[in-house]
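>
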Amino acid sequence: MGKLLWEQDFLNRNTDLSAWNIRLGNDLLDNDGKPIDPGWGNGEQQFYTEHASNLYIDELGLNLCARREAIEKDGRQFAYTSARIDTKDHLSFCYGKLIVRAKLPVGQGLWPAIWLLPQHQAYGPWPASGEIDIMEAKGRLPRQVSGTLHYGKDWDHKVTDEFSYQLEQGTINEFRDYSLEWDAGSIRWLVDGHCFAERPMEPGIMPFDEPFYLVLNLAVGGWYDNVAVDETALPAVMTVSNIWLYQS
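Residue 409 is where the sequence shown starts when you use my numbering, and the numbers rise one by one after that.
1. Taking 7 Å as the threshold (C-beta atoms), are W597 and G555 in contact?
2. Would you mind reading off the limits of the beta strand (DSSP E) that contains L483?
3. Is there a Cβ of chain C sitting closer than 7 Å to that of L653, yes or no?
4. According to the neighbour-count rule (16 or more other Cβ atoms, all chains shown, within 10 Å of its Cβ), is L412 buried or exposed?
5. Report yes if the CB atom of L626 is closer than 7 Å to the CB atom of S490, and no otherwise.
6. Just to confirm before moving on: does the CB-CB distance between A605 and F571 stay below 7 Å?
7. Tell me the residue span of the beta strand (DSSP E) that contains I651.
8. Taking the alpha carbon of C603 as the reference point, which residue from A641, R484, I542 has its own alpha carbon closest?
9. Which stretch, first to last residue, makes up the beta strand (DSSP E) that contains W523?
10. In its own chain, which residues sit with a C-beta less than 6 Å from the C-beta of E458, not counting the 5 before and 5 after it?
11. Which value, in whole angstroms, describes the spacing of the CA atoms of K505 and S594?
12. Alpha carbon to alpha carbon, how far is E589 from S662? Give it in angstroms, no decimals.
13. Take V567 as the anchor and find which of N634, G441, N434, M614 has the nearest alpha-carbon.
14. Using alpha carbons as the reference points, say which of H558, S649, G612, G629 lies closest to R476.
15. Helix, strand or coil: which one does DSSP assign to E458?
16. Any idea if S656 is buried or exposed, counting beta-carbon neighbours within 10 angstroms, 16 or more meaning buried?
17. What distance in whole Å lies between the Cβ atoms of N581 and V514, which are believed to be in contact at a cut-off of 8 Å?
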């Protein structure tokens, strides 16, 4: 497995969020912090906050909580709040094994995600510099998770390699290890140690040879599963107990 490079133990009550950025609002921003696309580019309906009701640590770990909560910002109305954090400029890595132990919420319209974005955008703006989705789930499908790569020279040539996995038993609403094994030859996705997909790397075509940072978020609505939100599922919580990053 290699050497433990970085760890977040949210079961330790002394662990804080000093290694994380807390993202706010509903807009996808450019490199200068200017809004370029509402809904985070995905038609998402939530407004991200830093409030203790949306982002908190308790005996189970770090919690990202989506709520039915009306909020108004710059003349725009939002019906839901939630949380999104990332490690940009704090922790980024190229190659290794990342394990995130998490418990995910169930409910139509919920979209929990564990994913990676490029630290430097060395190949240009999205999707040219790539995106690695370690785990995405559709709350209405409590036994399914997916891992995905996004890349391509521009929007018109965007490539999406998505791999789905059906849990053999239980649901996403239990603590599981969602893992990514990434090296110069391939990227592999695992759930509880079981590798369910592998994608060989294509040098010169795929941009996955640069450092990426980690993103955790719980979205409400959006195009990933374009269905009505089941508000009876709210509040809904995504809990992360531990994160480990190994490099050989």
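All C-beta atoms in this analysis are idealised placements derived from N, C-alpha and C, irrespective of residue type, glycine included.
Bear in mind the structure is a predicted one, so any value in this text is a computation, not a measurement.
According to the data block:
1. Start at 1 with the first residue of the sequence shown, and residue 555 comes out as number 147. Start at 1 with the first residue of the sequence shown, and residue 597 comes out as number 189. Yes, Cβ-Cβ distance for G555 and W597 is below 7 Å.
2. Here residue 483 is taken as the residue at index 75 of the sequence shown, counted from 1. The identity of residue 483 in the sequence shown is Gly, whereas the question assumes Leu. Neither: G483 is in no beta strand (DSSP E) and is coded neither H nor E.
3. You won't find chain C in this structure, because it holds only one protein chain.
4. Mapped onto the sequence shown, residue 412 falls at position 4. When all chains shown are included, L412 counts as exposed.
5. Translated into positions along the sequence shown, residue 626 becomes position 218. Translated into positions along the sequence shown, residue 490 becomes position 82. Yes, these two residues count as a Cβ contact at 7 Å.
6. To locate residue 605, count along the sequence shown from 1; it is residue 197. To locate residue 571, count along the sequence shown from 1; it is residue 163. Cβ distance < 7 Å, so A605 and F571 count as in contact.
7. Numbered from 1 along the sequence shown, position 243 holds the residue referred to as residue 651. I651 -> beta strand (DSSP E) spans 644–655.
8. Here residue 603 refers to the residue found at position 195 when the sequence shown is read from its first residue. Closest in C-alpha terms to C603, from the list A641, R484, I542, comes I542.
9. What you label residue 523 is simply residue 115 of the sequence shown in a count that begins at 1. Taken as a continuous stretch (DSSP letters only), the beta strand (DSSP E) holding W523 covers 518–526.
10. On the sequence shown, residue 458 is found 50 positions in, with the first residue counted as 1. Within the same chain, E458 has close Cβ partners I430.
11. Within the sequence shown, the letter at position 97 stands for residue 505. Within the sequence shown, the letter at position 186 stands for residue 594. Cα to Cα, the separation comes out at about 12 Å.
12. Missing from the structure shown is residue 662; the chain here goes from 409 to 656 and no further.
13. For the purposes of this step, residue 567 is identified with residue 159 of the sequence shown, where counting begins at 1. Among N634, G441, N434, M614, the Cα nearest to that of V567 is on M614.
14. Numbered from 1 along the sequence shown, position 68 holds the residue referred to as residue 476. Distances from the alpha-carbon of R476 to those of H558, S649, G612, G629 put G629 closest.
15. Residue numbering aside, residue 458 sits at position 50 when the sequence shown is read from its first letter. Coil at E458, not helix or strand.
16. Here residue 656 refers to the residue found at position 248 of the sequence shown. The C-beta of S656 has fewer than 16 other C-beta atoms within 10 Å across all chains shown, which makes the residue exposed.
17. To locate residue 514, count along the sequence shown from 1; it is residue 106. To locate residue 581, count along the sequence shown from 1; it is residue 173. Indeed they touch by this definition, with Cβ atoms about 5 Å apart.
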